[in-house]
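All remarks here apply to the structure that follows.
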Amino acid sequence: MPRPSPRGVVLLASLFLLSACAGTVAAPPPPVFTTAPQRATIIPTPTASPTPTQAPAPGTAPQGQTVSARVISVTDGDTIRVEIDGSSVPLRYIGMDTPETVSPNEPVQWMGPESTAANKALVEGQTVVLERDVSDTDRFDRLLRYVWIERGGQWLMVNRELVLLGFAISKAYPPDTKYQSLLNAAQREAHGARVGRWGPTPAPVVTPIPNIVVPIPPSRLPVPTATPPVSGNCDPSYPTVCIPPAPPDLNCGDITFRRFQVLAPDPHGFDGDHDGVGCESG
15 MPRPSPRGVV
25 LLASLFLLSA
35 CAGTVAAPPP
45 PVFTTAPQRA
55 TIIPTPTASP
65 TPTQAPAPGT
75 APQGQTVSAR
85 VISVTDGDTI
95 RVEIDGSSVP
105 LRYIGMDTPE
115 TVSPNEPVQW
125 MGPESTAANK
135 ALVEGQTVVL
145 ERDVSDTDRF
155 DRLLRYVWIE
165 RGGQWLMVNR
175 ELVLLGFAIS
185 KAYPPDTKYQ
195 SLLNAAQREA
205 HGARVGRWGP
215 TPAPVVTPIP
225 NIVVPIPPSR
235 LPVPTATPPV
245 SGNCDPSYPT
255 VCIPPAPPDL
265 NCGDITFRRF
275 QVLAPDPHGF
285 DGDHDGVGCE
295 SG
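Position 240 (the sequence shown) corresponds to 254 in my numbering; numbering is contiguous.
So, in C-alpha cells, the structure goes:
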C-alpha cells in the first residue's frame, strides 16, 4: 500500500480536528437559582372587645330622660315647686301618695304634716335631678317626675325614700309605672318594720344636716277623721283604719268607717270607683 504524502497527512489531520470540533457541543452553564426574600406574615394580636359599661340597677340611679332643677318650695309630702331655666313650675312625685294637708276640700289628714316635714328635710332649697316616665304633666298641669338627690356619692330617689320611711304609700298612676315594683317593695319593707304610718311609734324624719334619721314628736294638729290603725289583725290595704283581712268578705254596711284611705289590692272591694277612698257614701 503506498504511503501518503506529507501533504496528505496534514490534510487528514486537519479534517480530523475539524470533525472533532464539529462533534463537541458546549454544555450550557448550570442554572443559577436565586431565593426570593420571604415576607414575614404579620398576624395581628387580637384585642379584647371593650366591655360595655354596666347600667346601674333600676332604682339606684336616674336612667331615663332627666333635667336638673332647684327646689323653690315644698307644698306637701308629694308636691314641690321647682325652678327650671328660670321658670317656676309645680311638680308632683310619681308612684306614691301622702296624706293631704293643703286641700281646700279636705281636713288635714293623719301623718300629713309629718310627711310634709320629711319632704322639706330631703329636698327644700336643693338642686335635684328630675326623671320623666311616660307622662309630662297631670290634669293640674303639674310636672310628673321621679326626684333624685345625691348623698355621699350615691343617688337617692325621694319618691321611694318617703315610702320607705312610712310617710307615703305606693300608688300607681298608669302609664307612669317604671319604678312601681320598687315602690311596692319599699312599702312592704316599711310595713314590716312598722315605721311611720304603719306603726304605733312616731315616724322618723330625715334631716339634711347631719345625714341621720331622728324621731319627731307626735303631731298636735287636729285629730284625723279616720281612726289610725291599731295593733291587731288589720289589713294593710286600709292604713288609716283597722279592718280585718278577708275572709270573710265585708261590705261597707258591715263596718262603721267611712271615707278612709284604700290601697291595692283592696280585698274587700270598699273602693268601687278606684279613687283611693273607701265607703264614701253613708
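Heads up, the beta-carbon is just placed ideally off N, CA and C, and yes, glycines get one too.
{"Query": "Whether V103 touches R153 by CB criterion (9 Å)", "Result": "no"}
{"Query": "Spatially closest choice to R106 from G91, P72 and P261, by CA coordinates", "Result": "G91"}
{"Query": "Straight-line Cα distance separating G126 from T112", "Result": "7 Å"}
{"Query": "Delimiting residues of the beta strand (DSSP E) encompassing R159", "Result": "L157 to R165"}
{"Query": "Cβ neighbour criterion (16 or more within 10 Å) applied to G267", "Result": "exposed"}
{"Query": "Local Cβ density within 10 Å of G292, reported as buried at 16 or more and exposed below that", "Result": "buried"}
{"Query": "Classification of R208 by the beta-carbon crowding that lies within 10 angstroms, buried from 16 upward", "Result": "exposed"}
{"Query": "Inter-residue Cα distance where the pair is L158 and D150", "Result": "6 Å"}
{"Query": "Rounded C-alpha distance that separates I98 from N198", "Result": "30 Å"}
{"Query": "Alpha carbon of P243 to alpha carbon of T74, nearest angstrom", "Result": "Residue placement at P243 is flagged as unreliable, the pLDDT there being 44, under the threshold of 50; the coordinate-derived value follows with that caveat. If I take the Cα positions, the gap works out to 32 Å."}
{"Query": "Proximity to R275 [Cα-Cα], best of S184, Q77 and E138", "Result": "Note on identity: in this sequence residue 275 is Gln, with Arg being the wrong assignment. Measuring from the Cα of Q275, the nearest candidate turns out to be S184."}
{"Query": "Cα-Cα separation between G290 and L179, rounded to whole angstroms", "Result": "21 Å"}
{"Query": "For S82, the nearest candidate out of W162, S117, V88 and P72 (CA to CA)", "Result": "W162"}
{"Query": "V148 classed as buried or exposed, judged by whether at least 16 other C-beta atoms fall within 10 angstroms", "Result": "exposed"}
{"Query": "Cβ shell of L170 (< 6 Å), same chain only, five flanking positions each side left out", "Result": "I163"}
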